[in-house]
Every structure is written in C-alpha cells, then in structure tokens.
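Visitor: Numbered by my numbering, the letters in the sequence shown go through residues -7 to 146 in order. My questions will all concern the structure given below.
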Amino acid sequence: MNEPKMKEFIIRDYRDEDYNEVIELWGLTGMGRPERGDDRETIERCNDLGGRLLLLEDRLNNKIAGSSWMTFDGRRVYMHHFGLLPEYQGKGLSKPLLEESLEHVRDKGFQVKLEVHSTNIKAIELYKKYGFEYLGDYRVFIIRDIDKTTSAKI
Ligand SMILES: CC(C)(COP(=O)(O)OP(=O)(O)OC[C@H]1O[C@@H](n2cnc3c(N)ncnc32)[C@H](O)[C@@H]1OP(=O)(O)O)[C@@H](O)C(=O)NCCC(=O)NCCS
C-alpha cells in the first residue's frame, strides 16, 4: 500500500466556503451532532474570539480530510473536533495535524484541554504521545438549553 506523503496535503485555516464539507466530515466521524449547535455562526464567533479551525486538505482532490478546532475562552485553548475522514485514518496523518494545532497553542501561550471518550483508545494514545496528561475521573456536565432549565433557587 502506498502511504500518503505529507507534501500531498496542506494544513490551512477554515474558510466560509468549507462549511458544508466540514459539517459532512464531522457527521461521518461522529464528531458533529445537531444538539451540539456547531453551525456556521458558531465557527465564526469562536474564531473571532481567538479560536482557530484548522483543516487538513488533500491536494490531489482538494478534499477536506481532517479538522482540528481550537476555541479560546481567554483562559485556555480547547481542542474540539479533532479527526480525519475514515479513508484517511490509519496513515499517520493525525500527527502533522496535531503538531500544527499544538504550534498554534504554543503561539498563543496558553494551556490546552480536550475531552475524549474513555473508549476512544486511538485518540487517547495519540494525545498521550503529544504530552496530554489524564486529569482523573472527572464527570463532564452540560446544559444544552438554559431556557428549559428550572431554577433551583429556594
Ligand atoms: C483519533 C484519530 C484522529 C487518529 O488518527 P488515525 O489516522 O487513526 O491515527 P494515525 O494513523 O495518525 O496514528 C497516530 C497515532 O494514533 C495512535 N493510534 C492509532 N491507531 C491506534 C490503534 N489502533 N490503537 C492504539 N493507538 C492507535 C497511535 O499513538 C498512533 O501513533 P503510532 O502510529 O506512532 O503508534 C482518528 O482515528 C479519527 O479521526 N477518529 C474519529 C474521530 C475521533 O474520534 N476523534 C477524536 C475526538 S476526541
């Protein structure tokens, strides 16, 4: 099998016209679900706030093969939606994408945090290899719709 060479790919910033392909990538990799609310406006807003959505593009067919979305809240960088289309997985391509992402973090000069499902061994092994440390048995909580939440005030 011919392994892809990195010169056949570029890592570049997201552009508005990438939106539909990025949403398809997130759907095919199980990283995007409607309840997450990751729409065009959210991407733009996060990038305006100092985030960055990096894309791995196949130069042969201009296909978006992977993404790494880093948001910034003024305290830390959060890495989301790090993944590759199934046909591009298993070829070592996650490494240059992660390296470029960490270069962005280094440039910003902040901590970086991410969530990964405990059964996602591939991603866990990859993140550990690049210096991410397990924080322990934290539970992750979220309120999806604040308007549907009842007040706990007495
Ligand atoms: C997680 C993901 C990005 C890894 O990319 P990949 O193309 O599968 O992995 P690569 O071929 O680039 O391998 C990079 C490293 O990942 C780890 N890895 C890959 N496959 C692995 C496996 N089967 N078992 C354990 N570790 C594995 C290894 O550390 C590997 O480095 P090595 O080859 O030096 O051992 C990819 O599988 C993916 O996109 N998955 C779907 C989306 C996803 O779950 N993203 C993570 C969200 S938190």
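The beta-carbon is built from N, C-alpha and C at its ideal position, and this holds for glycine as well. The model shown is predicted, which means the values in this text are computed figures rather than measured ones.
Alpha carbon to alpha carbon, how far is R131 from L76? Give it in angstroms, no decimals.
Guide: 26 angstroms
Visitor: Just how far apart, CA to CA, sit G45 and S59?
Guide: Checking the displayed sequence, the identity of residue 45 turns out to be Leu instead of Gly. Each residue's Cα considered, the two are about 7 angstroms apart.
Visitor: Could you pull out every residue in the same chain whose Cβ sits closer than 7 angstroms to the Cβ of L52, ignoring the five residues on either side in sequence?
Guide: E0.
Visitor: Give me the Cα-Cα distance between K140 and V14, rounded to the nearest whole angstrom.
Guide: 30 angstroms
Visitor: Which residue spans inside the stretch 36 to 122 form an unbroken beta strand (DSSP E) run of at least 3?
Guide: 44 to 50, 55 to 64, 68 to 76, 103 to 106
Visitor: Mark F133 as exposed unless 16 or more other C-beta atoms lie within 10 angstroms of its C-beta, in which case mark it buried.
Guide: exposed
Visitor: Are the stretch 27 to 37 and the stretch 74 to 90 touching by the rule of at least three beta carbon pairs closer than 8 angstroms?
Guide: no
Visitor: So which of G43, L89, D65 has the shortest CA-CA distance to D50?
Guide: L89
Visitor: Please classify G84 as buried or exposed, where buried requires at least 16 neighbouring CB atoms within 10 angstroms.
Guide: exposed
Visitor: Please classify D30: is it buried, with 16 or more other beta-carbons within 10 angstroms of its beta-carbon, or exposed?
Guide: buried
Visitor: Once you ignore the five residues that flank W61 on each side, which residues in its own chain have a CB closer than 6 angstroms to its CB?
Guide: L45, H72, H73
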